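Heads up: the sequence lines are chains U and W, in that order.
Going by the numbering used here, the letters in the first sequence line up with residues 135 to 477, in that order.
Going by the numbering used here, the letters in the second sequence line up with residues 16 to 321, in that order.
Here's the structure, in structure tokens; my notes come after.
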Amino acid sequence: MNDIRSGDAMLTDWREAAGRFERAVRGAVVGQDRAIRLLTIALFARGHVLLEGDVGVGKTTLLRAVARALGGAYERIEGTVDMMPSDLIYHTYLANDGRPRVEPGPVLRQSEDLSIFFFNEINRARPQVHSLLLRLMAERSLTAFNREYRFPNLQVFADRNRVEREETFELPAAARDRFLMEIGLEAPRDAEARRALVFDPRFHDTDALIAGIESGVLDHAAMAGIGAAIQHGIQASPAIETYVVALWEALVRPHEAGIRLPGIDMSALIQGGASPRGVAFLVRAARVRAWLEGRDWLVPEDIRAIFPEVMAHRVFLEPIYEMRRSTIVPELCRAVFDTVPAP
Amino acid sequence: MRRLAPLLFLLCSSLAAHSQVRTVEVRTPRPFGYFLGDLVRAQIDIVVEPGFALQAASLPQPGAITYWLDLRTVAVTQDSVSGGSRVRLDLTYQNFYAALDARALEIPGFVVTFVSDTDKGATTAKAQIPPWSFNISPLREVQPPAREDPRTYLRPDGRVASLDTQPLVVGGAGFAAMAVLAFAGLAWDRTWWPFAKRGGRAFAACLRRLRALAERGEDEAAYETALLALHRALDETDGRRVLADDLPAFLTRHPAYARERASLAAFLDASRHSFFGPGPAAAMRRLPLADIVVLTRKLTAIERES
């Protein structure tokens, strides 16, 4: 009994810390409250995040702000066409004595303390690099220098520019499936936030802006433990289990669920995807949201709040519809929630 | 001669007085053929000297004159004729004499007074209306001949034209058809049988289900079924699934239901607790089944109005 109560108290304390974390990030990144909330959920769900958006909307700033507020070791790398997997692991150079040296690269440098690995412009890197990320993201481990490195606290944040398609490489489905969320970032619509972003000199110097954030609001070393405590502490009733399975079924087989979208042959829309891992991620993230909302049981709203970001990128459309993905998938998600009864 | 003088004076004075009233004439339509209850009319023309006017107080007053005779109305008209003015009295009597045989009855005469106002004083003249008589007859034979069968005294009923019932039947059928149509319209509006399955009245259909559930008693299964029924009605009304957090958006799309905002919020909260939280027992303490029925009844009323 005492254990449970102390666990509850711990979750409450951490909920307050999460609130402080969100406020700290919100101080530097204006008009992105939803993205910040989703990133917070991803942090406590221990999931990797892919940010997607136009140029200059603040993808990198947001991720740097999150990394700063979270604390812990932080590494960053820019994706380029000529980058090879070994560039991530090894740093090779000629030393002063003229002999070649091989030292740990960006991923290994901080070793096991690495909490955030930030991959900028991930779609500019070659598929070989993406493949390396598969194991790093899924197992949080890597083999180098003939030994295995483990990164228990690692979270991979990546961002991707969605405007250019020249000299870019689409992420393989397996790599995309390992991201917990794909968050689309738009410039803020709110006129007040836009004015501030354009005229307030505070937002022009990104380094000073990031340095102004209180560092280490959350204890990054304890994140894995608290994430597990949340997953055990939030109850899912049989009704919500039925609901999630029905959502899954409707997403994969929309025509059988009676979903109709104008101008689309529903029976030939979905090629595959929506993996069990994806749905498990969905419930993980939903539990974190329920915890952030101060509940210890899941409700359908928790699922709905994170569904597009968690599930949309795991659905693979037939090639004929793939080009219109950005309009079809949000509509499909909305239709799924309009159709599946809850409770 | 000395004894004659006063008589002469009287005669002269009476002649003088009579000459002021020139003629009195009584006209009756007929002097016979009256029965019990008949009206007897008389027209009396009195011609007087110019300047004389009838003194209204001297006219006989309508009312009972004798036990068998009533005066019903008295009407006076006055016009001028050559060398005098004529006063015409139209009298209507009613006879109440129940005669057993034919006999003559006399309507008594009376006196009316005329007045002439001059500078030298007022002169009055009296006109004597003489009595007149009329014959009345009994209503029935006094001694009818005896007959074998007393029923033969009765006269046959008068023949009456038979009424045509066709328009009444047609009219009745027409109104009955209109009543059936109006009732069908009401049933359609209220989604009574046979329109129970029609769309657009989600809450009405839900209310029927809830009433059936409420009769079965309050157990947890029935409670959850009731919650689900109201959820489906909300979903059907909105055309999408309405979750607890969607209530403000739902009320924006359907502002008529805004006056049940608090009750709807309580329902969604109870549903959340029942299905996803502590369970139906806790939810039933928050919102009993009876309250859900009351809420659904109000929603049904709003649904009908809007």
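We put the CB at the ideal spot given by N, CA and C, even for glycine.
All figures in this text were calculated on a predicted structure; none of them were measured in a lab.
{"Check": "Beta carbon of residue 199 of chain U nearer than 8 angstroms to that of residue 163 of chain U", "Outcome": "yes"}
{"Check": "At least 3 beta-carbon pairs within less than 8 angstroms: the stretch 64-81 of chain W vs the stretch 124-136 of chain W", "Outcome": "yes"}
{"Check": "Cβ distance (whole Å) where residue 252 of chain U is taken to contact residue 197 of chain U below 8 angstroms", "Outcome": "6 angstroms"}
{"Check": "Pairwise C-alpha distance: residue 257 of chain U and residue 310 of chain U", "Outcome": "11 angstroms"}
{"Check": "Three-state secondary structure (DSSP) of residue 47 of chain W", "Outcome": "coil"}
{"Check": "Inter-residue spacing [alpha-carbon to alpha-carbon] between residue 335 of chain W and residue 99 of chain W", "Outcome": "No information on residue 335 of chain W is available, as it lies outside the stretch 16 to 321 that chain W covers here."}
{"Check": "Close-in-space but distant-in-sequence residues of the same chain around residue 86 of chain W (CB under 7 angstroms, 5 per side omitted)", "Outcome": "75, 77, 78, 80, 106, 108"}
{"Check": "Chain W contacts from the stretch 369-402 of chain U (Cβ-Cβ distance under 7 angstroms)", "Outcome": "371, 373, 374"}
{"Check": "Through-space distance from residue 253 of chain W to residue 217 of chain W, alpha-carbon basis", "Outcome": "10 angstroms"}
{"Check": "Beta carbon of residue 48 of chain W nearer than 8 angstroms to that of residue 152 of chain W", "Outcome": "yes"}
{"Check": "Where residue 245 of chain U falls, given that 16 or more other Cβ within 10 Å makes a residue buried", "Outcome": "exposed"}
{"Check": "Closest Cα partner of residue 44 of chain W within the set W/234, W/148, W/315, W/243", "Outcome": "W/148"}
{"Check": "Contiguous beta strand (DSSP E) assignments of at least 3 residues, all confined to the stretch 71-111 of chain W", "Outcome": "78-81, 84-96, 99-110"}
{"Check": "Within the stretch 148-213 of chain W, ranges of the alpha helix (DSSP H) (whole runs, at least 4 residues)", "Outcome": "181-205"}
{"Check": "Proximity test, Cβ basis, 8 angstroms: residue 142 of chain U and chain W", "Outcome": "no"}
{"Check": "Near-chain U residues of the stretch 253-267 of chain W (beta-carbon distance less than 8 angstroms), N- to C-terminal order", "Outcome": "254, 255, 256, 258, 259, 260"}
{"Check": "Neighbour-count burial assignment, residue 23 of chain W, 16 or more Cβ in a 10 Å radius", "Outcome": "Reliability of the predicted coordinates at residue 23 of chain W is poor, the pLDDT of 39 falling under 50, and the value obtained from them is presented with this limitation in mind. With fewer than 16 Cβ atoms within 10 Å of its Cβ, residue 23 of chain W is classed as exposed."}
{"Check": "Residues near residue 195 of chain U in its chain [Cβ-Cβ closer than 8 angstroms; skip 5 each side]", "Outcome": "162, 163, 340, 343, 344"}
{"Check": "Beta-carbon contacts of residue 27 of chain W that lie in its chain and below 8 angstroms, excluding the five residues immediately before and after", "Outcome": "Confidence in residue 27 of chain W is poor, its pLDDT being 38 and thus under 50, which makes the residue's placement unreliable; the coordinate value appears in the next sentence. Correct list: empty, nothing qualifies."}
{"Check": "Residue 432 of chain U: contacting residues in chain W (beta-carbon distance under 7 angstroms)", "Outcome": "291"}
{"Check": "Contact check, residue 420 of chain U vs residue 382 of chain U, beta carbons under 8 angstroms", "Outcome": "no"}
{"Check": "Residues of its chain near residue 284 of chain U, where Cβ-Cβ distance is below 7 angstroms and the 5 sequence neighbours each way are ignored", "Outcome": "246, 274, 275"}
{"Check": "Supposed close pair residue 183 of chain U, residue 317 of chain U - CB separation, criterion 8 angstroms", "Outcome": "6 angstroms"}
{"Check": "Cβ shell of residue 422 of chain U (< 7 angstroms), same chain only, five flanking positions each side left out", "Outcome": "175, 178, 179, 364"}
{"Check": "8 angstroms Cβ cutoff met for residue 266 of chain W and residue 259 of chain W", "Outcome": "no"}
{"Check": "Simplified DSSP assignment, three categories, for residue 310 of chain W", "Outcome": "helix"}
{"Check": "Boundaries of the alpha helix (DSSP H) in which residue 365 of chain U is found, first to last residue", "Outcome": "357-367"}
{"Check": "Nonlocal neighbours in the same chain, by C-beta distance under 8 angstroms from residue 313 of chain W, ignoring five residues either side", "Outcome": "275, 278"}
{"Check": "Outcome for residue 185 of chain W when other beta-carbon atoms lying within 10 angstroms are tallied against a minimum of 16", "Outcome": "exposed"}
{"Check": "Supposed contact pair residue 239 of chain U and residue 223 of chain U - C-beta distance, whole angstroms, cut 8 angstroms", "Outcome": "5 angstroms"}
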